[in-house]
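Peer 1: Per the working numbering, residue 28 is the first one in the sequence shown, and the count goes up by one each step.
All C-beta atoms, glycine included, are put in the ideal place defined by N, C-alpha and C.
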Amino acid sequence: MYNPCAVIPVYNHETAVPAVVEALQAAGLPCVLVDDASSPAC
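#1: Considering only the beta carbon of each residue, do V44 and V61 sit closer than 8 Å?
#2: Take A68 as the anchor and find which of Y29, H40, C32, P31 has the nearest alpha-carbon.
#3: Could you compute how far the alpha carbon of S65 sits from the alpha carbon of Y38?
#4: State the start and end residues of the unbroken beta strand (DSSP E) segment that holds A33.
#5: May I have the straight-line CA-CA distance separating N30 from A53, to the nearest angstrom?
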């Protein structure tokens, strides 16, 4: 069985990430966010 997921590298993209995650969840695609030392706001 094939179970795709999205792996998203994140570095200080606090305005874009929520919309991307919501779109992936709406499509039924699980996602993994990999934070690369973002600021606390992210």
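Peer 2: With the given structure in hand:
#1: no
#2: H40
#3: 5 Å
#4: 33–37
#5: 16 Å
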